[in-house]
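Protein chains in written order, with my numbering: chain A, 19 to 417; chain B, 121 to 203.
Have a look at the structure below before the remarks.
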């Protein structure tokens, strides 16, 4: 089996429209959570989010293109462009190239706007509604733009979507099905209807996201996209490509337990599966980018799962949640966190868990509170656990 | 607590949990009624509609019994009247 290198990374996030801005912010422990501006917050219990406020579509697309692209697909395309440019790859990439994207809600704000007009008395719905809303709109746009004619598809597993996407793409490159894959996820969740739905779940924090902290009050929603370019390691080395690290293992599981309550045993099974896939012992892992949503339930359950998998080695693990800074970007979360994890182990800087106030005995991990830490880490893990009980875990390795 | 208020709270729980009204008493816990976390927030959403109140997230977390839910509603209604 081939080893798989990451040769390009692109990110759109609340820190800005580039991977550089994202990593500069995350590596410093700076939080991009701000008062929301894209929707009226008067009727919401939570005023804050991590919006990609600097994103100006006209900078990246002409007016006609924007008509056909929801914000989530725009994010996907912009992140893909940056990833491919940084990998030094040019269109057309042909049928030995693949795209696998993750997204949770697709073009829900397009749907919201069009249906609102319909219910208000407008008798017609725009013909671009369907192509803007479809979950694969981002993947299809990237395919068109870069002449990628191999396997192109989208995975929707709520908050695990983009880890599932990167994992599937990794396996395709590893087993020789394709020679290049773009993988990641994008999400644009800010419509009032969607935010009210989250409010009703009672798990969004009224202040900010404080993962693993005793006073945590829930998650903070975020938006954006991240895409990575995957290639066989040998081929990447042969062409002199910049190598950010390796995707070394992928594991997944389903809790088969509850629609919204996480189960430690399910999360632990996905982590073990990812380690086995990477042929790495638990003791090799130095850093975990946690799912770490900042909800009471997730963070305690994830801690239990980590302790179960890593045993006494848990005491030597650094575990942080970068959602404390870039928010929970749902279907883009795993991809943003994979980007952060790759940069962390390449640069030897572990991003902190920001906004941390007080240790919680139920989350007794070294969560790298508030300040980044220098550490030489060869193997890292990035966790995603979704509503519906679907878990997807990546193991990443320093090049 | 007025009987009428308790009856209305129990009626909402019965409707949401698909249980006979007479099987629910004030002193039962949510766990005894097989109400999990998602059922709980779903019930609170309907109770908020029923009484026209807004149960804060922090209070919602500590509600574990039918009586706590009814007492919480009573408190919110009296606060509403004095406003």
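Just so you know, even glycine gets a beta-carbon here, dropped at the ideal spot from N, CA and C.
Here the structure is a predicted model, which is why all the values come from computation and not from measurement.
Residue i - DSSP class collapsed to helix/strand/coil
i, result
"residue 390 of chain A", "coil"
"residue 145 of chain A", "coil"
"residue 329 of chain A", "helix"
"residue 397 of chain A", "strand"
"residue 161 of chain A", "helix"
"residue 153 of chain A", "coil"
"residue 273 of chain A", "coil"
"residue 305 of chain A", "strand"
"residue 241 of chain A", "coil"
"residue 197 of chain B", "helix"
"residue 81 of chain A", "helix"
"residue 166 of chain A", "strand"
"residue 162 of chain B", "helix"
Proximal residues of chain E, C-beta to C-beta of residue i below 7 Å
i, result
"residue 171 of chain B", "Within the model displayed, chain E is absent; protein chains A and B are what it includes."
Buried versus exposed, by CB contacts within 10 Å (16 or more), residue i
i, result
"residue 401 of chain A", "buried"
"residue 201 of chain B", "exposed"
"residue 123 of chain B", "exposed"
"residue 376 of chain A", "exposed"
"residue 100 of chain A", "buried"
"residue 241 of chain A", "buried"
"residue 247 of chain A", "buried"
"residue 152 of chain B", "exposed"
"residue 365 of chain A", "exposed"
"residue 127 of chain B", "exposed"
Proximity test, residue i beta-carbon vs the ligand FAD heavy atom, cut-off 7 Å
i, result
"residue 180 of chain A", "Within the structure as shown, the ligand FAD is missing, as the structure has no ligands at all."
Element boundaries [alpha helix (DSSP H), containing residue i]
i, result
"residue 172 of chain B", "No alpha helix (DSSP H) contains residue 172 of chain B, which DSSP labels as neither H nor E."
"residue 37 of chain A", "37 to 46"
"residue 373 of chain A", "Premise fails: residue 373 of chain A is in no alpha helix (DSSP H) and is neither H nor E."
"residue 259 of chain A", "Unbroken run through residue 259 of chain A: none, as it is neither H nor E."
"residue 132 of chain A", "126 to 137"
"residue 295 of chain A", "282 to 296"
"residue 219 of chain A", "210 to 219"
Boundaries (first-last residue) of the beta strand (DSSP E) holding residue i
i, result
"residue 338 of chain A", "336 to 338"
"residue 132 of chain B", "Per DSSP, residue 132 of chain B belongs to no beta strand (DSSP E); it is in the alpha helix (DSSP H), 123 to 137."
"residue 354 of chain A", "Per DSSP, residue 354 of chain A belongs to no beta strand (DSSP E); it is in the alpha helix (DSSP H), 351 to 365."
"residue 116 of chain A", "115 to 120"
"residue 111 of chain A", "That residue, residue 111 of chain A, is in no beta strand (DSSP E); it is neither H nor E in DSSP."
"residue 192 of chain A", "Per DSSP, residue 192 of chain A belongs to no beta strand (DSSP E); it is in the alpha helix (DSSP H), 179 to 192."
"residue 171 of chain A", "170 to 173"
"residue 30 of chain A", "22 to 30"
"residue 204 of chain A", "198 to 205"
"residue 411 of chain A", "408 to 415"
Quiz prompt | Cβ contact (3+ pairs, closer than 8 Å) linking the stretch 255 to 271 of chain A and the stretch 112 to 130 of chain A | solution = no
Quiz item: Residues in the stretch 213 to 230 of chain A with C-beta within 8 Å of chain B's C-beta atoms, listed in sequence order?
Solution: 218, 219, 220 and 224
Quiz item: With contact counted as at least three CB pairs below 8 Å, one residue from each stretch, are the stretch 208 to 226 of chain A and the stretch 26 to 35 of chain A in contact?
Solution: no
Quiz item: So, do the stretch 186 to 202 of chain A and the stretch 297 to 314 of chain A have three or more beta carbon pairs nearer to each other than 8 Å?
Solution: no
Self-check item: Contact the stretch 42 to 51 of chain A vs the stretch 287 to 305 of chain A: 3+ CB pairs below 8 Å
Solution: no
Quiz item: Taking Cβ-Cβ distances below 9 Å as the criterion, which residues of the stretch 249 to 281 of chain A are in contact with chain B?
Solution: 276, 277, 278 and 279
Exercise. Anything in the stretch 144 to 172 of chain A with a Cβ closer than 7 Å to a Cβ of chain B? List those residues in chain order, please.
Key: none
Quiz item: Taking contact to mean at least 3 C-beta pairs separated by less than 8 Å, is the stretch 122 to 131 of chain A in contact with the stretch 170 to 184 of chain A?
Solution: yes
Quiz item: For the stretch 60 to 72 of chain A, which residues have a beta carbon sitting closer than 7 Å to at least one beta carbon of chain B?
Solution: 63
Quiz item: Any chance the stretch 51 to 68 of chain A sits against the stretch 128 to 142 of chain A, with 3 or more Cβ pairs inside 8 Å?
Solution: no
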